[in-house]
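Here is the structure we will look at.
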Amino acid sequence: MQLTFDSDVEEFRAEFAAFLDENLPSEALTQERPTSVSHMPQWARDWQRLLFDNGWLLPSQPPEFGGRNATVLQQFVPLDDLCRRRIYHSFNPQGVHIIAASLISFGS
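The sequence shown runs 3 to 110 under our numbering.
Next up, the structure:
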């Protein structure tokens, strides 16, 4: 059993950690939590946009669709690091992960 990641995954993790260190919203700002999809605080919208603009919202997708062509193991890194820091990845996981992937794969 291998309990460590290959160097490419660790480099990916270091890049994401640097992004988080530089861009993570403050805890004071993130106190307001969304109560529904229709009530999403502005900080949450800004955070999701920042993740997308930097290729971290859907890292498995090609760069032209806002991703990074991440491998399966690399896709694990952002979710793991966000969970460790207790910050949301996406406030609409169905829309981001299922619908977006379906549109990219099968068209509009």
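Ideal Cβ placement from N, Cα and C applies to all residues, glycine included.
Bear in mind that the values here come from a model prediction, so they are computed numbers and not experimental data.
Tell me which same chain residues have a C-beta within less than 7 Å of the C-beta of residue i, skipping the five on either side of it?
i            : result
proline 64   : Asn71
serine 62    : Gly69, Ala72 and Gln77
glutamine 50 : Leu59, Ser92 and Phe93
I'd like to know whether the C-beta atoms of residue i and residue j end up nearer to each other than 8 Å.
i                 : j              : result
tryptophan 58     : proline 80     : yes
phenylalanine 108 : asparagine 56  : no
phenylalanine 7   : leucine 84     : no
phenylalanine 67  : isoleucine 106 : yes
If you count every other CB in all the chains shown that lies within 10 Å of the CB of residue i, and 16 or more means buried, which is it?
i          : result
leucine 60 : buried
Of the residues the options, which one's Cα is nearest the Cα of residue i?
i            : options                        : result
aspartate 48 : Ala102, Ser92, Thr6 and Ile100 : Ser92
leucine 53   : Ser40, Glu24 and Leu75         : Glu24
Between residue i and the rest of its own chain, which residues show a CB-CB distance below 8 Å, the 5 nearest in sequence each way excluded?
i            : result
leucine 31   : Trp45
glutamate 34 : Pro43 and Trp45
Which same chain residues end up closer than 6 Å to residue i when comparing Cβ atoms and leaving out the 5 residues on each side of it in sequence?
i                : result
phenylalanine 14 : Gln76 and Val79
Could you tell me how far apart the beta carbons of residue i and residue j are, in whole angstroms, since I believe they sit closer than 8 Å?
i          : j           : result
leucine 26 : arginine 87 : 7 Å
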